[in-house]
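S.K.:
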Amino acid sequence: MNLDFQHCIRCTICVANCPVSRVNPDFPGPKQAGPDAERFRSDNKTSIDKWIRLCNQCKRCEVSCPYGVNPAQIILREQVQYGGKHFRPLASRVFANNYWLGAVNSVIAPIVNRLAPMKFIKRILNIFGISTYLPFPQFHIHTLSRSWRWKGRRESRKKVVLFYGCFLNYNRPDLGRDVRDFLASLGLRVIMPRQVCCGLPALGNGDIETARKFARKNARILAGYIDKGYDVIYTCTSCGLALTQDYPGILEVPHGRKVSENSYNLHEYVLKLMEEHYIEPVFEPFRRKVAYHIPCHLRALGIGYPAAGLFAKIPGLEIVILEDNCCGLSGSYGFKRSNEDTAVRLGITAARAVKDIDPDMLVSDCGACRMQLAHFSGIPAVDPSEILIKSLTTGFEDSRGRVKGRKL
Amino acid sequence: MSGTYDVVIIGGGMSGMMAAVALADMGRKIAVVSRGDPVCCLSTGCIDVLAAGNDPLEGIGSLPDNHPYRLVGKDTLTASLEMFRTVMSEECGAYVGDVNANRRILTPLGRHKVTCLVPATMEFADFHSDEYIHVISFNEMKDFYPNYITSRYKNSGCSIFDAGISTTMSIAERFENRQFLEAFISWLKGLDIPEGRIAIPAVLGMHFAVNVYNEISVELGRKVFEIPTLPPSMPGLRLFGGLKNALLKRGVDLYWGKEIYSVEKSGGQIEAVTLAGAGRSARVQGNAFILATGSFVSGGLHASMDAATETAFDLPVYLPGKRKSWFNDDFFAPGHAIEKSGICVDQSFRPVDSRIENLFVCGSILAFSEVMKYGCGHGMAIATGVAAANVCGELA
Numbered sequence: 001m002n003l004d005f006q007h008c009i010r011c012t013i014c015v016a017n018c019p020v021s022r023v024n025p026d027f028p029g030p031k032q033a034g035p036d037a038e039r040f041r042s043d044n045k046t047s048i049d050k051w052i053r054l055c056n057q058c059k060r061c062e063v064s065c066p067y068g069v070n071p072a073q074i075i076l077r078e079q080v081q082y083g084g085k086h087f088r089p090l091a092s093r094v095f096a097n098n099y100w101l102g103a104v105n106s107v108i109a110p111i112v113n114r115l116a117p118m119k120f121i122k123r124i125l126n127i128f129g130i131s132t133y134l135p136f137p138q139f140h141i142h143t144l145s146r147s148w149r150w151k152g153r154r155e156s157r158k159k160v161v162l163f164y165g166c167f168l169n170y171n172r173p174d175l176g177r178d179v180r181d182f183l184a185s186l187g188l189r190v191i192m193p194r195q196v197c198c199g200l201p202a203l204g205n206g207d208i209e210t211a212r213k214f215a216r217k218n219a220r221i222l223a224g225y226i227d228k229g230y231d232v233i234y235t236c237t238s239c240g241l242a243l244t245q246d247y248p249g250i251l252e253v254p255h256g257r258k259v260s261e262n263s264y265n266l267h268e269y270v271l272k273l274m275e276e277h278y279i280e281p282v283f284e285p286f287r288r289k290v291a292y293h294i295p296c297h298l299r300a301l302g303i304g305y306p307a308a309g310l311f312a313k314i315p316g317l318e319i320v321i322l323e324d325n326c327c328g329l330s331g332s333y334g335f336k337r338s339n340e341d342t343a344v345r346l347g348i349t350a351a352r353a354v355k356d357i358d359p360d361m362l363v364s365d366c367g368a369c370r371m372q373l374a375h376f377s378g379i380p381a382v383d384p385s386e387i388l389i390k391s392l393t394t395g396f397e398d399s400r401g402r403v404k405g406r407k408l
Numbered sequence: 409m410s411g412t413y414d415v416v417i418i419g420g421g422m423s424g425m426m427a428a429v430a431l432a433d434m435g436r437k438i439a440v441v442s443r444g445d446p447v448c449c450l451s452t453g454c455i456d457v458l459a460a461g462n463d464p465l466e467g468i469g470s471l472p473d474n475h476p477y478r479l480v481g482k483d484t485l486t487a488s489l490e491m492f493r494t495v496m497s498e499e500c501g502a503y504v505g506d507v508n509a510n511r512r513i514l515t516p517l518g519r520h521k522v523t524c525l526v527p528a529t530m531e532f533a534d535f536h537s538d539e540y541i542h543v544i545s546f547n548e549m550k551d552f553y554p555n556y557i558t559s560r561y562k563n564s565g566c567s568i569f570d571a572g573i574s575t576t577m578s579i580a581e582r583f584e585n586r587q588f589l590e591a592f593i594s595w596l597k598g599l600d601i602p603e604g605r606i607a608i609p610a611v612l613g614m615h616f617a618v619n620v621y622n623e624i625s626v627e628l629g630r631k632v633f634e635i636p637t638l639p640p641s642m643p644g645l646r647l648f649g650g651l652k653n654a655l656l657k658r659g660v661d662l663y664w665g666k667e668i669y670s671v672e673k674s675g676g677q678i679e680a681v682t683l684a685g686a687g688r689s690a691r692v693q694g695n696a697f698i699l700a701t702g703s704f705v706s707g708g709l710h711a712s713m714d715a716a717t718e719t720a721f722d723l724p725v726y727l728p729g730k731r732k733s734w735f736n737d738d739f740f741a742p743g744h745a746i747e748k749s750g751i752c753v754d755q756s757f758r759p760v761d762s763r764i765e766n767l768f769v770c771g772s773i774l775a776f777s778e779v780m781k782y783g784c785g786h787g788m789a790i791a792t793g794v795a796a797a798n799v800c801g802e803l804a
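One line per chain: the protein sequences are A and B, in this order.
First residue of the first sequence? That's 1 in my numbering, and the numbers climb one at a time after it.
First residue of the second sequence? That's 409 in my numbering, and the numbers climb one at a time after it.
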């Protein structure tokens, strides 16, 4: 048994950082749900704390704790324990397998995209415990997994595997292809091998077995490439957190440590290339004022804010960093009816912070944050890599003569 | 993430953050490394400079010669506090008060705390005991009992507002909601409060507390003030949030939730520190380093049964004599011998007997600071942080 929770001195800094307990009094907060309750738990007893599922695993408590207690990890283990011993609602089961959900939806994308906004479909989803306050993301037939799997010269000195994650694969394959081409344009050999969901959605929905199955598969594939000298690049901050924290941690998958130590955030990697003088990019001006909403899981990665470091080099780009709010959607958390109220309240607060800046656009690394904040603020949301690609590849055309990047 | 900096600051508390602000303003490239948030939720948000006596500046003269304030000097102390006020007025609201005069603020127990600079929301917390005080509380609010105050003051009253929720954090969150604030103000107006001051526990908003406070004061046309609460304390969180924003605005890199696990040295210089964490370890390289990890509670010092160690660089720690001599028969005697322990520094804030030339030490980890005894917590942190930054900035 991990006794780190004994280091808690009840300073309540985790409670002060907890978004959920602030708006939902049913959740007692990370101190009580984590180290306090842990004293009364035992590995072989059935968990009875129903409210444990209300934690959205934003990891803010973990980042803020000065004593290394990691309340979010304690809560996550308890959530898994609870999920294993109790009936899991349909919505949880569906979202745990959102990889398969995406796979099916992308095949029938034109139908799904048209059905999802319909009122009676929404009503049916509501009955099954799925929340519909937010428009569902669009699905695409031409997913990233069905795209060209490699790019860049084979003899490049540096080789990378792109771990794109479900959101890029099913919902933003266009951006995924741009990222692939962008990395190749930096003189890298880019490969997108067969890969599955990182496992975080399953873990968050209390299904550790499914999470482990996904993780094992990914770790085996990625470790094979790492042995051949590849670095792993992830774009989704939550996928990144799973790869670096959960693979060697709670999921205990073989090669977990190797994957963890060789995975890089996209922007972190670009900065690294610059530091090593592998590339000497010239940043084209991009005259906009942007609000940069830091996703909770980027904070939890502990790699600082690499995209902000790159933004600082783009002439004319004015950024305001917002890191105090959780958007509330937290992956599939806010898509569950039971969490809708919490998600909406947090979303409104976070969106207000964005609106106060009055930016031209809002930027966030996380697809879920972007969906939620664009909905509540009405301000267009983009991924930081879209701005980066825009600034670094102005006039850069792909093989079909198309200028890269979405119009921003 | 890894990086190379002019100065790397270890410790994200008051002292480390103020050192970072000072150095960033000198145009240096700075990183701040911290194990987690400082325990700002335990802070009243007020700046105690020197609680003994009425005039902190004058009081410094009577401190022991080895107290860190003696190293800093009056001019640097005044300048550093002025710098702090400028930073705060750009962020979460101005601080009021005078370095030459202490003030007393009301606590939830109805007693007074002596402090020096206070957030604008506590400007009117120093009142004459004849004046009428009306305490506002919230239904079932945790750890706040207005009777502690009203029973001590004959000329006082109390009203309870139902916020629908009972923790300080969640009430503060609601105050940033327009409808809630308006409902609260109209409820207050409806009360027939006699002429005097109105005291409210410090839950008037998180990020926009000054706006909330101003609106209530203006609408009521009364002197309103906040009473600091038990943790989590909003004024402490606002203070920390303001400083953190100041750092982000100045382009300071924050390495948060990270602990040092190895230090690279060459000759008399620290070259880099490696930070533990999930995944790859980050290597942070610097020309100079500032140590501001705090004392025992903050984890800068670690005590075992027979020794005390410094946790980041294993610097020699001063202990006041043998363990046996620390015991005091008077339980309530102010100060404890262990408070004297810490790192001894020379005139330039370099640790004594360590033979490291590019390391500077500031904040409550300094030996002889005796923060509790002298009531000089934040003031000493700010002053030594800025003073160490001044020395360090000339070199880095």
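We put the CB at the ideal spot given by N, CA and C, even for glycine.
1. Quick one: list the residues of chain B neighbouring D324 of chain A, beta-carbon separation under 9 Å, in chain order.
2. Among B:E466, B:L450 and B:C449, which one has its Cα closest to the Cα of V457 of chain B?
3. Just list the residues that DSSP pairs G565 of chain B with in beta bridges.
4. Going by C-alpha distance, which of A:I74, A:I9 and A:R177 is nearest G165 of chain A?
5. Report the three-state DSSP secondary structure of S364 of chain A (helix, strand or coil).
6. Using a Cβ cut-off of 8 Å (strictly closer), state whether E581 of chain B contacts chain A.
7. Check whether the Cβ of M577 of chain B lies closer than 8 Å to any Cβ atom in chain D.
8. Distance check for Q79 of chain A and K85 of chain A, CA to CA, integer angstroms please.
9. Name, please, each residue of chain B whose Cβ falls closer than 7 Å to the Cβ of C65 of chain A.
10. Is P516 of chain B close to chain A? Criterion is C-beta to C-beta, closer than 8 Å.
11. Are A439 of chain B and Y726 of chain B close, meaning C-beta to C-beta below 8 Å?
12. Does any C-beta atom of chain A lie closer than 8 Å to the C-beta of S703 of chain B?
13. When you compare the segment 657-676 of chain B with the segment 474-489 of chain B, are there three or more beta-carbon pairs, one atom per stretch, that lie closer than 8 Å?
14. Using DSSP bridges, identify the partner residues of R478 of chain B.
15. What first and last residue would you give for the alpha helix (DSSP H) that runs through V344 of chain A?
16. Would you mind stating whether F569 of chain B and W595 of chain B have Cβ atoms separated by less than 8 Å?
17. Quick one, are the C-beta atoms of K151 of chain A and V190 of chain A less than 8 Å apart?
18. Taking only three categories from DSSP, how would you classify R180 of chain A?
19. State the Cα-Cα distance for the pair V522 of chain B and M371 of chain A, rounded to the nearest angstrom.
20. Under the three-state reduction of DSSP, which class applies to S399 of chain A: helix, strand or coil?
21. So the candidates are A:I121, A:F139 and A:R10; which of them puts its Cα closest to the Cα of P66 of chain A?
22. For E747 of chain B and A460 of chain B, I'd like the C-alpha separation in whole angstroms.
23. Would G707 of chain B pass as an interface residue toward chain A - the criterion being a Cβ-Cβ separation below 8 Å?
24. Which term fits S410 of chain B, buried or exposed, when burial requires 16 or more other beta carbons within 10 angstroms of its beta carbon?
25. Tell me whether the beta-carbon of G419 of chain B lies closer than 8 Å to the beta-carbon of T701 of chain B.
26. Could you check how far apart the C-beta atoms of G29 of chain A and S21 of chain A are, in whole angstroms? I think they sit under 8 Å.
27. Can you find a C-beta in chain A that's less than 8 Å from the C-beta of V794 of chain B?
28. Who are T515 of chain B's beta bridge partners in DSSP?
29. Closer than 9 Å between beta carbons: that is the criterion. Which residues of the segment 297-318 of chain A meet it against chain B?
30. Give the interface partners of V23 of chain A over in chain B, defined as CB-CB distance under 8 Å, in chain order.
31. With a CB to CB cut of under 6 Å and the five nearest residues on each side skipped, what residues in its chain are close to F492 of chain B?
32. For the segment 253-279 of chain A, list every residue whose C-beta sits within 7 Å of some C-beta in chain B, in sequence order.
33. Can a CB atom of chain B be found closer than 8 Å to the CB of N2 of chain A?
34. Whose Cβ in chain B lies nearer than 7 Å to the Cβ of T12 of chain A?
35. Excluding the five sequence neighbours on either side, which residues of its own chain have a C-beta within less than 6 Å of the C-beta of F136 of chain A, listed in chain order?
36. Mind checking who V80 of chain A pairs with in its DSSP beta bridge?
M.R.: According to the data block:
1. M614, H615, G649, K652 and N653
2. Each of B:E466, B:L450 and B:C449 was checked against the Cα of V457 of chain B, and the nearest Cα belongs to B:E466.
3. B:H542
4. The shortest C-alpha separation from G165 of chain A is found at A:R177.
5. Assigned with DSSP and collapsed to three states, S364 of chain A falls in coil, not helix or strand.
6. yes
7. Looking at the structure shown, chain D is missing, and the protein chains on hand are A and B.
8. 10 Å
9. G444
10. No, P516 of chain B lies away from the interface with chain A (no Cβ there is under 8 Å from its Cβ).
11. no
12. Not closer than 8 Å to any Cβ of chain A, the Cβ of S703 of chain B fails to qualify, so no.
13. The count of Cβ pairs closer than 8 Å, one atom from the segment 657-676 of chain B and one from the segment 474-489 of chain B, stays below three, leaving the stretches out of contact.
14. In the DSSP output, where bridge partners are listed per residue, R478 of chain B has none listed.
15. E340 to I357
16. Going by beta carbons, F569 of chain B and W595 of chain B fall inside the 8 Å limit.
17. yes
18. helix
19. 49 Å
20. For S399 of chain A, the pLDDT reaches just 47, beneath the cut-off of 50, and the residue's location in the model is therefore unreliable, leaving the point undetermined.
21. Nearest option by C-alpha distance: A:R10.
22. 17 Å
23. yes
24. buried
25. Yes; because the gap between Cβ atoms is below 8 Å, this pair is in contact.
26. For a cut-off of 8 Å, the C-beta gap from G29 of chain A to S21 of chain A is around 4 Å, short enough to register as a contact.
27. No, because no Cβ of chain A sits closer than 8 Å to the Cβ of V794 of chain B.
28. Bridge partners of T515 of chain B: none, in fact.
29. R299, A300, L301, G302, I303, G304, Y305, P306, A308, G309 and A312
30. S578 and E581
31. I790
32. S260, E261, S263 and E268
33. no
34. C449, P639 and P640
35. A116
36. Note: V80 of chain A sits in no beta bridge, so no partner.
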